[in-house]
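*Asks:* The structure is given below, and queries will be raised subsequently.
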Amino acid sequence: EAGVAQSPRYKIIEKRQSVAFWCNPISGHATLYWYQQILGQGPKLLIQFQNNGVVDDSQLPKDRFSAERLKGVDSTLKIQPAKLEDSAVYLCASSTPDPGTGELFFGEGSRLTVL
Amino acid sequence: DQQVKQNSPSLSVQEGRISILNCDYTNSMFDYFLWYKKYPAEGPTFLISISSIKDKNEDGRFTVFLNKSAKHLSLHIVPSQPGDSAVYFCAASEGNYGQNFVFGPGTRLSVLP
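Protein chains in written order, with this note's numbering: chain V, 41 to 155; chain W, 18 to 130.
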């Protein structure tokens, strides 16, 4: 079974520029999450999708961050314009619709550096 | 306001000994807890979980203990191996299906040969 795929792995931009990250979850996983992990901190949820609907985006800075999940599969997270404090690893995760361990399957992450 | 705390940023143990990683939470509505392990440049991977209806769950060398009254859980690794060296995150949620998991800041475990 293929894991959660993310790209790009690394991105360096200057402040006020824009960036987009892509995520392809595990096939059949209805729930998709975007987390932000700042160095030295735990992952913080930005947005959660159930199929192509938003379940929770309460911690998404909507003035600069946007995310979409077209057709309930792939997802894109965009930042425009970027700030220095957006430097972090952006982790995508997905989970099965079946109750079980409740495990989230994470991708390798996209590391963003804003200069 | 940190709802999930891991007060030890780092921990070093000798190979073969026990590693004990601690986690405290403040939200009494949390009823499901997971531990994740993260190696550098990789995403977190699931290790073990526990529901609030239990006080212990064991999987091989890994055991998680939950003390609901103290809002405290711990992960025991016995015996510790050098390959266990990683950052360990505690995560909590209300329910185990499609719920928002809140992560702690992590503890970096170093197992010395």
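In this text, a Cβ means the ideal position worked out from N, Cα and C, and glycines have one as well. Keep in mind it's a predicted model, so treat the numbers as computed, not measured.
1) By the 9 Å beta-carbon criterion, what residues does the region 62-84 of chain V contribute toward chain W?
2) Identify, in the order they occur along the chain, each residue of the same chain with its Cβ nearer than 6 Å to the Cβ of residue 125/W, setting aside the five sequence neighbours on each side.
3) Is the CB of residue 146/V under 8 Å away from at least one CB in chain W?
4) Buried or exposed: residue 94/V, going by 16 or more other Cβ atoms within 10 Å of its Cβ?
5) Can you tell me the Cβ-Cβ gap for residue 46/V and residue 62/V, rounded? I've got them flagged as a contact below 8 Å.
6) Would residue 122/V and residue 76/V qualify as a contact pair, given that the criterion is a beta-carbon distance under 8 Å?
7) Would residue 51/W count as contacting chain V if we go by Cβ distances under 8 Å?
8) Considering only C-alpha positions, which residue in the set 43/W, 82/W, 65/W is nearest to residue 71/W?
9) Along the beta strand (DSSP E) that carries residue 43/W, what are the first and last residues, could you check?
10) How would you label residue 107/V, buried or exposed, when you count the other beta carbons within 10 angstroms and need 16 or more for buried?
11) According to the Cβ coordinates, are residue 96/W and residue 33/W closer than 8 Å?
12) In chain V, which residues lie with their C-beta within 7 Å of the C-beta of residue 123/W?
13) What do you get for residue 48/V, buried or exposed, if any count of 16 or more other CB atoms within 10 angstroms of its CB means buried?
14) Check whether the Cβ of residue 39/W lies closer than 8 Å to any Cβ atom in chain V.
15) Let me check understanding here. Comparing Cα to Cα, which of 42/V, 57/V, 51/V, 70/V lies closest to residue 134/V?
16) Go through its chain and collect everything with a Cβ distance to residue 67/W's Cβ below 6 Å, but skip five positions before and after it.
17) How would you write the range of the beta strand (DSSP E) that residue 117/W sits in, first residue to last?
*Replies:* Let's see:
1) 70, 71, 73, 75, 77, 80, 81, 82, 83, 84
2) Mapped onto the second sequence, residue 125/W falls at position 108. If we look at residue 125/W and ignore the five residues flanking it on each side, its Cβ neighbours are 27, 104.
3) On the first sequence, position 106 is the one that residue 146/V refers to. So, interface residue.
4) Here residue 94/V refers to the residue found at position 54 when the first sequence is read from its first residue. Exposed.
5) Taking the first residue of the first sequence as position 1, residue 46/V is located at position 6. Taking the first residue of the first sequence as position 1, residue 62/V is located at position 22. That belief holds up - the Cβ atoms of residue 46/V and residue 62/V are roughly 7 Å apart, short of 8 Å.
6) On the first sequence, position 82 is the one that residue 122/V refers to. On the first sequence, position 36 is the one that residue 76/V refers to. For residue 122/V and residue 76/V, no; Cβs fall outside 8 Å.
7) Along the second sequence, read from residue 1 onward, the residue named residue 51/W stands at position 34. Residue 51/W counts as touching chain V.
8) In the second sequence, counting from the first residue as 1, residue 71/W sits at position 54. Nearest of 43/W, 82/W, 65/W to residue 71/W, Cα basis: 82/W.
9) Counted from its first residue, the second sequence places residue 43/W at position 26. Looking at the DSSP string, residue 43/W is not in any beta strand (DSSP E), and its letter there is neither H nor E.
10) If you number the first sequence from 1, residue 107/V lands on position 67. Buried, since its Cβ has 16 or more Cβ neighbours within 10 Å.
11) As a working mapping, residue 96/W is identified with position 79 in the second sequence. As a working mapping, residue 33/W is identified with position 16 in the second sequence. Yes, Cβ-Cβ distance for residue 96/W and residue 33/W is below 8 Å.
12) For the purposes of this step, residue 123/W is taken as residue 106 along the second sequence, with counting starting at 1. What residue 123/W touches in chain V: 82.
13) The count along the first sequence starts at 1 and reaches residue 48/V at position 8. Exposed is the call here.
14) One-based indexing of the second sequence puts residue 39/W at position 22. Answer no: the Cβ-Cβ gap between residue 39/W and chain V never drops below 8 Å.
15) Sequence index remark: in the first sequence, residue 134/V carries index 94 (1-based). Comparing Cα positions, the closest option is 70/V.
16) Looking up residue 67/W in the second sequence gives position 50. Cβ neighbours of residue 67/W beyond the five flanking positions: 50, 74, 81, 83.
17) Here residue 117/W refers to the residue found at position 100 of the second sequence. Annotation: residue 117/W is outside any beta strand (DSSP E) and is labelled neither H nor E by DSSP.
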